[in-house]
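In the working numbering, the protein residues as written are 1 to 293.
Heads up, the thing below is written out as structure tokens.
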Ligand SMILES: Nc1ncnc2c1ncn2[C@@H]1O[C@H](COP(=O)(O)OP(=O)(O)OP(=O)(O)O)[C@@H](O)[C@H]1O
Ligand SMILES: [Mg+2]
């Protein structure tokens, strides 16, 4: 099930273990994100911790990419680097024409506000502010007029099916509603790139299915390029491409479309995935039902 995050990605077979998942494509106009030879090393304690070394990937405009990998592999760290929330020890990240390495802290904040929609696993909404205020916040931060900011925020809340929760405090909303508000907040600035770190990780199965269905719909209607970290193979399967972060490198994983009961991997022994159920995408009020798998 979508909400079941118990799948053991440690034993996930990969299509080609030796091939890194993102040899940069030179001169490809449709590449939105290009990561070259990334190294990230933490220095706390006596031993340096090298998370990646020589990690490369490219993501084309409009792609929806899942990143899977065992806990501690560095998935969140990688998303932080892609969002210019952190700096690599070496290597480069380019988003469209922006080279993140050259940004000052102020420019990085502007880049994030303009180009990136970020969904955190623990939504980080401000509980004492209303849903509307939370969604409008990134626009107010860049000093858009209040009337415009609130009008756009209202529109986004409608898109995620929360029109009737507009004036609820964020702290009064359910977990699923809070995650929908955080999706609205991520998209209110009309970013090009959506980065979502286990956006359904804390939700029950049914709510996770619904939130993922919504995310898929918004990916299409907002013409996004999306990168989604997940432990959930059902969600990964619904994305256009799955990359597994393992021992500091990204590897393509080819997940076959599944039948109603048993999962399998193309070109692999197909024994390691927990059998589950197909995704049933649920509609929110104001949204559309995307059917059943
Ligand atoms: N600021 C830091 N200083 C030192 N080590 C860190 C720091 N941030 C993360 N780490 C370490 O880096 C490793 C990767 O962390 P990260 O949060 O990226 O993993 P993850 O793949 O997102 O795991 P999970 O699936 O559990 O969320 C962990 O072992 C963590 O302890
Ligand atoms: Mg993480």
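Yeah, the Cβ is synthetic: ideal placement off N, Cα and C, and Gly gets one too.
Separation of residue j from residue i, as counted between CA atoms
i           : j           : result
residue 244 : residue 216 : 20 Å
residue 187 : residue 90  : 30 Å
residue 49  : residue 87  : 15 Å
residue 64  : residue 73  : 21 Å
residue 261 : residue 230 : For residue 261, the predicted structure reports a pLDDT of 32, less than 50, and the residue's modelled location is therefore unreliable. A value from the coordinates is still provided. Rounded to the nearest angstrom, the two C-alpha atoms are 21 Å apart.
residue 218 : residue 46  : 45 Å
residue 126 : residue 139 : 15 Å
residue 132 : residue 80  : 26 Å
residue 198 : residue 78  : 13 Å
residue 147 : residue 69  : 43 Å
residue 162 : residue 180 : 8 Å
residue 194 : residue 117 : 5 Å
residue 235 : residue 66  : 8 Å
residue 101 : residue 238 : 32 Å
residue 182 : residue 44  : 32 Å
residue 268 : residue 223 : Residue placement at residue 268 is poorly supported in this model, since its pLDDT is 29, which falls under 50; the coordinates still yield a value, given next. If I take the Cα positions, the gap works out to 33 Å.
residue 242 : residue 55  : 15 Å
residue 173 : residue 212 : 18 Å
residue 153 : residue 123 : 17 Å
residue 156 : residue 246 : 36 Å
residue 158 : residue 203 : 21 Å
residue 115 : residue 75  : 20 Å
residue 21  : residue 252 : Here the model assigns residue 21 a pLDDT of 46, short of 50, so the residue's position is not dependable, and the following value carries that caveat. For residue 21 and residue 252, the distance between alpha carbons rounds to 5 Å.
residue 228 : residue 142 : 26 Å
residue 51  : residue 107 : 26 Å
residue 166 : residue 130 : 7 Å
residue 221 : residue 134 : 22 Å
heavy atom of ligand 2 below 8 Å from residue i C-beta
i           : result
residue 229 : yes
residue 198 : yes
residue 76  : yes
residue 179 : no
residue 324 : The chain is shown from 1 up to 293; residue 324 falls before or after that span and cannot be answered.
residue 190 : no
residue 121 : yes
Heavy atom of ligand 1 within 8 Å of residue i beta-carbon
i           : result
residue 70  : yes
residue 299 : Any question about residue 299 goes unanswered here, given that the chain covers just 1 to 293.
residue 42  : yes
residue 83  : no
residue 51  : yes
residue 73  : yes
Anticipated Cβ contact below 8 Å, residue i with residue j, distance rounded
i           : j           : result
residue 149 : residue 112 : Not a contact, Cβ separation roughly 17 Å.
residue 32  : residue 60  : 6 Å
residue 226 : residue 184 : With a Cβ gap of about 15 Å, residue 226 and residue 184 do not count as contacting.
Start-end ranges of the alpha helix (DSSP H) lying completely within the region 156 to 218, minimum 4 residues:
175 to 187
Uninterrupted alpha helix (DSSP H) stretches inside the region 38 to 95 (no shorter than 4 residues)
75 to 82
Tell me the start and end of each unbroken alpha helix (DSSP H) in the region 107 to 141 that is at least 4 residues and wholly inside, in chain order.
131 to 141
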